[in-house]
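S.K.: Residue numbers (my numbering): 6 to 534.
Using N, Cα and C, we set each Cβ at its ideal position, and we do this for glycine too.
Quick one: the structure is below, questions incoming.
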């Protein structure tokens, strides 16, 4: 039968439009069922329709009165189909067009993106100012989103019980909760800084620099949080301790808070975040655990990796099982918390007077992921002796050899180094060939020697830009023995001695910030390059 709702809606619209002076005769109601039309038009079909509720038969009454006219339409042209069931793309597009729905880009709604400073950019700034002996100041703009101007007209409804004729529904300035508010605030702040003589970074659009005479003022913004010259103790939850010897960046308070939040404050401490015997898989036969709590633990740990590269690998490994966590996965996460119980005050040390040379380390664990046999890339980048960027990531494709896995990892490290090179150019720092240290001699040969086509032709062409940048002189591939490969800590579980040695080169305890750490770092870097 034709829809009761459709018929009722037509009669209501007819009555409503009559107030506008519009009069109608028979209103066409298009149906793709000939039998339904026959039922409405022919009261003789009683035996076939007696079970239909009497309320639906008033359709026949309005047809006989001449209010509506039932017209057959082929199913392909039945516009109501778009509201009743899923459709194929072509059918959906056709009916959507017939309805007059045109997907015009509403720029006022689409322009809601607000640039955010990458955490690597913030660490680069911290390492730079530590090297130069600058001080940092942090500020938070109160009611920041109320200061933005809106480019397009936006209308809002007044809250229930607070309606007032004195106020218009047209929004003149940005408001909290408005999608455009972050972008409007960024535009207002950027306009102010540029008018004040600042120059925006060419790569990091949240970086602004002002040079006058021999002095430079550097401003890094993160929505309504701003960091610049002065003294800073907290920024985005990071604790920043500045001294004459350097800057210590850590999240000790946050670490203790999450230990308390997840009831791990009294747990037994562990000396490493993951056992070398750990081989996590889907564990489909294992007991399921609460997904919400598991995801909360992973999310908390991911934020902690901002200053804790020592847990980056295992946190990213456990994060792969958030869709269907099992007891074995939860136990692996709890071991990370037990390790944090043992090392709550670890952080990053950025030494004063450190050189601003840039270098990268790259490594890969071939076919280490048990489920799909994909490899894990581990990379890290240093500014002088300061670890400012790192990653542990499962590769998107299966590698046929260790060389291929290493090659993909090196390409990823190369792209990060090029981004950092462009970012640091805004600070007035120029680089020649950037050392990229790899522990695979054959991988270096593949990048340097294009003749090895038969051994490498299956590698995706996008990774061969590594060879291109090597030939341009942007990077220099240098071999390093596996024992000194810093990126090894981001690819797989390590024995205690190896883990402690690599951790000490990038992540230090507050109580150990002494001159011997600086000399150890300086000697190690000099040995490598």
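Would you kindly work out how many angstroms separate the C-alpha atoms of residue 475 and residue 449, rounded to a whole number?
M.R.: In the chain shown, residue 475 corresponds to position 470, counting from 1. In the chain shown, residue 449 corresponds to position 444, counting from 1. Distance between the alpha carbons of residue 475 and residue 449: 10 Å.
S.K.: Counting only runs of 4+ residues fully inside the segment 399-450, write out the alpha helix (DSSP H) ranges in chain order.
M.R.: Those alpha helix (DSSP H) runs which fall completely within the segment 399-450 and span 4+ residues are 407-430.
S.K.: Touch check for the segment 327-345 and the segment 296-304: three-plus C-beta pairs under 8 Å?
M.R.: yes
S.K.: Go through the segment 335-382 residue by residue and report every complete run of the beta strand (DSSP E) that reaches 3 residues or more, in order.
M.R.: 351-356 and 363-370
S.K.: Shortest alpha-carbon distance to residue 201 belongs to which of 224, 15, 188 and 219?
M.R.: Locating residue 201 in the chain shown gives position 196, where the first residue counts as 1. Among 224, 15, 188 and 219, the Cα nearest to that of residue 201 is on 224.
S.K.: When DSSP labels each residue in this structure, what does residue 224 get in the three-state scheme?
M.R.: Reading the chain shown from its first residue, position 219 is the one you call residue 224. Residue 224: strand per DSSP, three-state reduction.
S.K.: Which value, in whole angstroms, describes the spacing of the CA atoms of residue 5 and residue 285?
M.R.: Nothing can be reported for residue 5, as the shown portion of the chain is limited to 6 through 534.
S.K.: For residue 318 and residue 495, which I take to be in contact (beta-carbon distance under 8 Å), what is that distance rounded to the nearest angstrom?
M.R.: Within the chain shown, residue 318 is the residue found at index 313, counting from 1. Within the chain shown, residue 495 is the residue found at index 490, counting from 1. About 5 Å separates the two Cβ atoms, so the contact holds.
S.K.: Are there 16 or more other CB atoms within 10 angstroms of the CB of residue 493, so buried, or fewer, so exposed?
M.R.: Residue numbering aside, residue 493 sits at position 488 when the chain shown is read from its first letter. Residue 493 comes out buried.
S.K.: Touching or not, the segment 348-355 and the segment 241-254, by the rule of three or more beta carbon pairs under 8 Å?
M.R.: yes
S.K.: Let me know if residue 154 comes out buried or exposed under the rule of 16 or more other beta-carbons within 10 Å of its beta-carbon.
M.R.: The sequence position of residue 154 within the chain shown is 149, counting from 1. Exposed is the call here.
S.K.: To the nearest angstrom, how far is it from the Cα of residue 272 to the Cα of residue 346?
M.R.: As a working mapping, residue 272 is identified with position 267 in the chain shown. As a working mapping, residue 346 is identified with position 341 in the chain shown. The alpha-carbon atoms of residue 272 and residue 346 are separated by roughly 7 Å.
S.K.: Note down the Cα distance separating residue 409 from residue 381, rounded to an integer number of angstroms.
M.R.: Translated into the one-based positions of the chain shown, residue 409 becomes position 404. Translated into the one-based positions of the chain shown, residue 381 becomes position 376. If I take the Cα positions, the gap works out to 12 Å.
S.K.: Closest by CA to residue 400, which one among 393, 391 and 411?
M.R.: The count along the chain shown starts at 1 and reaches residue 400 at position 395. Closest by alpha carbon: 411.
S.K.: What does a CB cutoff of less than 8 Å around residue 405 pick up in its chain, not counting 5 residues either side in sequence?
M.R.: Start at 1 with the first residue of the chain shown, and residue 405 comes out as number 400. Contacts found: 463.
S.K.: Please tell me whether residue 96 has its Cβ less than 8 Å away from any Cβ of chain C.
M.R.: Of the protein chains in this structure there is only one, and it is not chain C.
S.K.: How about the segment 165-176 and the segment 193-211: do they share at least three Cβ pairs that are nearer than 8 Å?
M.R.: no
S.K.: Expressed to the nearest angstrom, what Euclidean distance is found between the alpha-carbon atoms of residue 86 and residue 44?
M.R.: Counted from its first residue, the chain shown places residue 86 at position 81. Counted from its first residue, the chain shown places residue 44 at position 39. Looking at the two C-alpha atoms, the distance is approximately 21 Å.
S.K.: Measure the alpha-carbon distance for residue 266 versus residue 344 and round it to whole angstroms.
M.R.: Here residue 266 corresponds to residue number 261 of the chain shown, with the count starting at 1. Here residue 344 corresponds to residue number 339 of the chain shown, with the count starting at 1. Each residue's alpha carbon lies about 16 Å from the other.
S.K.: So who's on the other strand from residue 77, going by DSSP bridges?
M.R.: Stepping through the chain shown from its first residue, residue 77 is reached at position 72. Under DSSP, residue 77 takes part in a beta bridge, and its partners are 36.
S.K.: Can you give me the C-alpha to C-alpha distance between residue 2 and residue 74, rounded to a whole angstrom?
M.R.: Residue coverage of the chain in this structure runs from 6 to 534, which leaves residue 2 outside it and unanswerable.
S.K.: Give me, in chain order, the residues of the same chain whose beta-carbon lies closer than 7 Å to that of residue 189; leave out the 5 immediate sequence neighbours on both sides.
M.R.: Against the chain shown, residue 189 aligns to sequence position 184. Taken in chain order, the residues that qualify are 153, 154, 155 and 179.
S.K.: Using only CA atoms, which one of 217, 93 and 227 lies nearest to residue 146?
M.R.: Working through the chain shown from its first residue, we reach residue 146 at position 141. For residue 146, the closest C-alpha among the options 217, 93 and 227 is that of 227.
S.K.: What is the residue span of the alpha helix (DSSP H) that residue 477 lies within?
M.R.: As a position in the chain shown, residue 477 is number 472, starting the count at 1. Per DSSP, residue 477 belongs to the alpha helix (DSSP H) from 470-477.
S.K.: Output the boundary residues of the alpha helix (DSSP H) element that contains residue 298.
M.R.: Counting from 1 along the chain shown, the entry for residue 298 is found at position 293. Here the alpha helix (DSSP H) through residue 298 covers 296-309.
S.K.: Within the continuous beta strand (DSSP E) that includes residue 141, where are the two ends?
M.R.: Residue mapping note: residue 141 aligns to position 136 of the chain shown, counting from 1. First-last of the beta strand (DSSP E) with residue 141: 141-145.
S.K.: Quick check: what's the CA-CA separation for residue 291 versus residue 373?
M.R.: One-based indexing of the chain shown puts residue 291 at position 286. One-based indexing of the chain shown puts residue 373 at position 368. The alpha-carbon atoms of residue 291 and residue 373 are separated by roughly 21 Å.
S.K.: By the 10 Å Cβ neighbour count, where 16 or more other Cβ atoms means buried, how is residue 64 classified, buried or exposed?
M.R.: Here residue 64 corresponds to residue number 59 of the chain shown, with the count starting at 1. The residue is buried, with at least 16 neighbouring Cβ atoms inside 10 Å.
S.K.: Using the beta-carbon count (16 or more within 10 Å), is residue 143 buried or exposed?
M.R.: In the chain shown, residue 143 corresponds to position 138, counting from 1. Result: buried.
S.K.: Out of curiosity, what's the CA-to-CA distance linking residue 427 and residue 213?
M.R.: On the chain shown, position 422 is the one that residue 427 refers to. On the chain shown, position 208 is the one that residue 213 refers to. Computed Cα separation, rounded: 15 Å.
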